[in-house]
Amino acid sequence: MIQANTSDKIAKAWLWLSAVFIIIALLSVLGYVFIRGADSLSLSFFLDMPKNNWREGGILPAIIGSLIVVSIALLFATPTGVGAAIYLTEFTREGRLTRLIRIAADSLNAVPSIVFGLFGLALFVFYLKDFTGGPSLLSAGLTLGFMILPTVIRTSEVAMRTIPFSEKMESYGLGASKLQTIRNIVLPGSLPGIITGLILGMGRAIGETAPIIFMVALNPVIPKSIFGSGNTLTTQLYYLAMEGISMDVAFGTALTLIVIILILNYSTRALNKYFSRNLRR
Amino acid sequence: MEYKNKIMVRGLNLWYSGKQALKDVCVDIQEKRVTAIIGPSGCGKSTFVRCLNRMNDLVEAVRITGEVFLDGILDGKNIYDPDVNVVELRRRVGMLFQSPNPFPMSVYDNVAYGPRIHGEKDKEELDEIVEWSLKSAALWDEVKDRLNKSALDLSGGQQQRLCIARTLAVKPEVVLFDEPCSALDPIATGKIEDLIHELKKQYTIVIVTHNMQQAARVADYTGYFLLGEMIEFGKTKQIFENPKEKSTEDYITGRFG
Amino acid sequence: MHKTIDLENIIKNILLLFSITAILILSLIVIFLFNEGLPTFQHVGVLDFLMGDKWIPAENLYGAFPFIISTLLVTLGALLIAVPLGISCAIFLAEIAPGWARELVRPAIELLAGIPSIIYGVFALVVIVDLIKISFNLATGETIIAGSIILAVMILPIVISISQDSIDAVPRTYREGSYAMGATDWQTISRVVVPAARRGIIAGVILGCGRAIGETMAVVLVIGNVEKLPLSLLDSGEALTSAILLEMGEAVIGSLHYNALFCLGIIPFIIVLFLSIISSRLVSKRVSRFG
Chain G
1 MIQANTSDKI AKAWLWLSAV FIIIALLSVL GYVFIRGADS LSLSFFLDMP KNNWREGGIL
61 PAIIGSLIVV SIALLFATPT GVGAAIYLTE FTREGRLTRL IRIAADSLNA VPSIVFGLFG
121 LALFVFYLKD FTGGPSLLSA GLTLGFMILP TVIRTSEVAM RTIPFSEKME SYGLGASKLQ
181 TIRNIVLPGS LPGIITGLIL GMGRAIGETA PIIFMVALNP VIPKSIFGSG NTLTTQLYYL
241 AMEGISMDVA FGTALTLIVI ILILNYSTRA LNKYFSRNLR R
Chain U
282 MEYKNKIMVR GLNLWYSGKQ ALKDVCVDIQ EKRVTAIIGP SGCGKSTFVR CLNRMNDLVE
342 AVRITGEVFL DGILDGKNIY DPDVNVVELR RRVGMLFQSP NPFPMSVYDN VAYGPRIHGE
402 KDKEELDEIV EWSLKSAALW DEVKDRLNKS ALDLSGGQQQ RLCIARTLAV KPEVVLFDEP
462 CSALDPIATG KIEDLIHELK KQYTIVIVTH NMQQAARVAD YTGYFLLGEM IEFGKTKQIF
522 ENPKEKSTED YITGRFG
Chain W
539 MHKTIDLENI IKNILLLFSI TAILILSLIV IFLFNEGLPT FQHVGVLDFL MGDKWIPAEN
599 LYGAFPFIIS TLLVTLGALL IAVPLGISCA IFLAEIAPGW ARELVRPAIE LLAGIPSIIY
659 GVFALVVIVD LIKISFNLAT GETIIAGSII LAVMILPIVI SISQDSIDAV PRTYREGSYA
719 MGATDWQTIS RVVVPAARRG IIAGVILGCG RAIGETMAVV LVIGNVEKLP LSLLDSGEAL
779 TSAILLEMGE AVIGSLHYNA LFCLGIIPFI IVLFLSIISS RLVSKRVSRF G
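Top line first, the protein sequences correspond to chains G, U and W.
The first sequence runs 1 to 281 under the numbering used here.
The second sequence runs 282 to 538 under the numbering used here.
The third sequence runs 539 to 829 under the numbering used here.
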């Protein structure tokens, strides 16, 4: 009897410890990046061009590159992903095709990032070189768009499925067509979920390195068009760390990236709160 | 021959999230007898019975005042004393639930679970205990050739008897039945009622039931609850043929509930 | 009326096209991977590729065995750390954590999941690598174990959240039955709840394993990248993913080297896909029937 109670106490202590470890891990990583990178941050860091092989100046090209690449990814993934979700929820029943689509989306989600890099290299940089400009921001954006597609499909679908059947029935009952119902009932109602999904996709796209590592150029110039090459915060960070050029700038870059992701993370939370308050669902 | 009181409840009150669910309940329950607790839905009968083995401790918003004494268990102390060993209490006071809930394990492992957690490791001992418990629950013949198969493959009635065997395996002195037959068909119910009749020779039994006929068939004593209060308690025959309170009479004759 | 239905049909078909995109992309990945990778075997035998222990492109030697072993070791190390820790944390969150602790730990896990892999890599490079070097008195801290440690942190969120979902899904009645017989919390958890949640927990571990195998950036910065066969966790190594990353810049398109690198990519691709399928099969029937 005493034995059982003692092992109960020991077990609980260990369980608490495991949770503490998680917190320590998080604080260590974030804390280190914040402390090491904070010194480098300043307005000029964000707005200036790098000089002297990154030893002076700022990281403007990388910031612009990241923004462009993520925008392209979203431009591809949003209509395709939301469209696919609409098709899956409104235009078809569960069957062979839908299951295949789901398996494909889940599998796509599991593909290792470097394999996406190889794929993007073969498809966009070589095969479609004439359309994309080879190793360009466009290629990078499209590769990332392919990567975040499953995320957008899944979150949009979930958001659309929470629209109660009764609401759609009411709409049809009043004489609305399927398209009207989708436009007026389904889409507005699932908008919060869709936006959350898009922000999630954004967060993922802006943090990836391997898929686009073969398509970026590391010369610090601002790209003139999406057909030209540039770099991103992530690839720049890799280059700086790998070549040991400047750990200070590296951590400044890392901190910039983390702050962007934290902002995105926080905004999904804030959006969810806002929408759940204002839409009695 | 006069039997002793096994369970003595004094001034038991219970609040759930601020609302009072049990009001000043006082009752003496005799050993080796079957006591039924009846009343309309939501009157607190399950809540009351769960106080007897402190299962209400598992619910977060619960507050309890009053005392419960069990003769011969925990040295007769109030079971709500802060330094009471709840684990030991629950070994001596077993409980059967409304829906049979065997663990997703073999029949053998289900019955052996109780003895194992209380320290029994010897295989021969366990074999003996398992056989004895299943016999006491009138289930041995039906499962003796499939002890290692999953308990979830048994029928509803068999599962409930398995749960009884499981409870008996730790050799309790009191067994609480919380609407044990509500998920079972009449034949399975009959078997359980017969079993209860046998078991009362050895164990003190308290059974919660919403089925008055069942109470009349099975119980020696009956307590009638309404809105958290025990309105009347006495020998079953008296409660059903000659209730003292009007409220009891109304319930028995089916005017409400 | 006619017009609306025509429009509806057009839109339906466009959306159908969008939906098929996922299938299309996956197919394209398979096609390109194999198209660029399989030509390797015109010059290198399959067994030589998988079991050969020398990878020297300049001499046309393409033995991937050292990479395979490195990937195996770094993943194993990561699992050894993340599985006990992750399952424990999942149990903590599902069974014994008070409300305030849950409010603290769950967001922490989400944050951990959102940190980009390159940042984990850089952190590991400056912090973990030195720690290993000092603790084990090595010439360099860039070792497999450094990779395992950072990978473990990265896969913890997956293991925890899937395991926690499984444990939460175990019916309350099992717990009640156990407590009613006088079991302690830990006895109930270890003998009834966790065994019942077995399937889902294993699914989570498998997905974590897949993630570790496919991870590139965090590993490449700390694993050392030497092309010899590692013999222990304290050796340096080079993972499959790292090799692809580092050598693609030098490979000439269409060359054997180029093909071989694509071929390397096929290995994690197939393994991770396979693991992903097993994992979803397990999740569809979460609570185990048999203890």
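Heads up, the beta-carbon is just placed ideally off N, CA and C, and yes, glycines get one too.
Whole-angstrom C-beta distance between leucine 255 of chain G and glycine 37 of chain G, which should lie under 8 Å:
3 Å
Cβ pair phenylalanine 800 of chain W, leucine 118 of chain G closer than 8 Å:
Taking the C-beta atoms as reference points, leucine 118 of chain G is found nearer than 8 Å to phenylalanine 800 of chain W.
Given this structure, state the Cα-to-Cα distance separating glutamate 513 of chain U from methionine 493 of chain U, to the nearest angstrom.
15 Å
Is the Cβ-Cβ distance between leucine 144 of chain G and glutamate 208 of chain G less than 8 Å?
yes
Once DSSP output is grouped into helix, strand and coil, what is the label at valine 582 of chain W?
The three-state reading of DSSP puts valine 582 of chain W in coil, since its state is none of H, G, I, E or B.
In terms of residue numbering, what span does the beta strand (DSSP E) encompassing methionine 386 of chain U cover?
Taken as a continuous stretch (DSSP letters only), methionine 386 of chain U belongs to no beta strand (DSSP E), as it is neither H nor E.
Could you give the DSSP three-state label for phenylalanine 458 of chain U: helix, strand or coil?
strand
I'd like to confirm the pairing. Which residues does DSSP put opposite isoleucine 345 of chain U in its beta bridges?
U:Leu295
Taking beta-carbon pairs under 7 Å, can you tell me which members of the region 105 to 117 of chain G lie near chain W?
Ala105, Asp106, Ser107, Leu108, Ala110, Val111, Pro112, Ser113, Ile114 and Val115
Ignoring anything shorter than 4 residues, give me the alpha helix (DSSP H) runs that lie fully in the region 695 to 781 of chain W, in order along the chain.
710 to 718, 723 to 726, 736 to 752 and 755 to 758
Per-residue contacts from glutamate 714 of chain W into chain U (C-beta, under 9 Å)
Met336, Leu339, Met376, Phe378 and Asn382
Runs of alpha helix (DSSP H) lying entirely within the region 445 to 529 of chain U, each at least 4 residues, in chain order
467 to 480, 493 to 499 and 517 to 522
Euclidean distance between Cα positions of leucine 614 of chain W and tyrosine 796 of chain W
29 Å
Sub-8 Å separation of serine 387 of chain U and alanine 432 of chain U beta-carbons
yes
Can at least three beta-carbon pairs, one atom from the region 548 to 563 of chain W and one from the region 735 to 750 of chain W, be found at a separation below 8 Å?
no
One question on the structure: do alanine 616 of chain W and isoleucine 698 of chain W come within less than 8 Å of each other, judged by their Cβ atoms?
no
Measuring alpha carbon to alpha carbon, tell me which of G:Val82, G:Asn5 and G:Ser171 ends up nearest alanine 560 of chain W.
G:Val82
If the criterion is Cβ atoms closer than 8 Å, does the pair glycine 742 of chain W and isoleucine 700 of chain W meet it?
yes
Own chain, CB closer than 7 Å to tyrosine 361 of chain U, minus 5 neighbours either side, in chain order
Ile345, Glu348 and Val349
8 Å Cβ cutoff, glycine 504 of chain U in contact with chain W
no
Buried versus exposed call for tyrosine 502 of chain U [16 or more other C-beta atoms within 10 Å across all chains shown]:
buried
List the residues of chain G whose Cβ lies closer than 7 Å to the Cβ of isoleucine 629 of chain W, in chain order.
Result: Leu15.
C-alpha gap between leucine 507 of chain U and glycine 320 of chain U, whole angstroms:
6 Å
Please state the DSSP three-state secondary structure of tryptophan 54 of chain G.
coil
Tell me the rounded alpha-carbon separation between histidine 478 of chain U and isoleucine 629 of chain W.
42 Å
Using beta carbons (cut-off 8 Å, strictly below), is glutamine 725 of chain W in contact with chain G?
Interface residue, yes.
Who are the Cβ neighbours of glycine 829 of chain W in its own chain at under 6 Å, not counting the five residues just before and after it?
Confidence in glycine 829 of chain W is poor, its pLDDT being 37 and thus under 50, which makes the residue's placement too unreliable to answer from.
Is the CB of tyrosine 717 of chain W under 8 Å away from at least one CB in chain U?
It does; some Cβ of chain U falls within 8 Å.
Under 8 Å by Cβ, that's how I've got isoleucine 488 of chain U and valine 308 of chain U pegged, so tell me the actual separation to the nearest angstrom.
So it is not a contact: roughly 14 Å between Cβ atoms.
Roughly how many angstroms lie between the CA atoms of methionine 511 of chain U and valine 306 of chain U, to the nearest whole one?
6 Å
Chain-ordered residues of the region 740 to 772 of chain W with a beta carbon less than 7 Å from chain G
Gly748, Gly752, Thr754, Met755 and Leu759
Return the residues of the region 176 to 205 of chain G that lie within a Cβ-Cβ distance of less than 8 Å from chain W, sorted by chain order.
Ser177, Lys178, Leu179 and Gly203
When U:Val330, U:Asn286, U:Val368 and U:Pro383 are compared against aspartate 352 of chain U, the one with the closest alpha-carbon:
Nearest C-alpha to aspartate 352 of chain U among U:Val330, U:Asn286, U:Val368 and U:Pro383: U:Asn286.
Taking the alpha helix (DSSP H) that cysteine 627 of chain W belongs to, which residues open and close that run?
603 to 629
For lysine 472 of chain U, count the other beta carbons within 10 Å of its own beta carbon; 16 or more makes it buried, fewer makes it exposed. Which is it?
buried
Looking at the secondary structure, which residues open and close the beta strand (DSSP E) in which phenylalanine 308 of chain U lies?
Sequence check: residue 308 of chain U is valine here, not phenylalanine. Counting along the chain, the beta strand (DSSP E) containing valine 308 of chain U begins and ends at 300 to 311.
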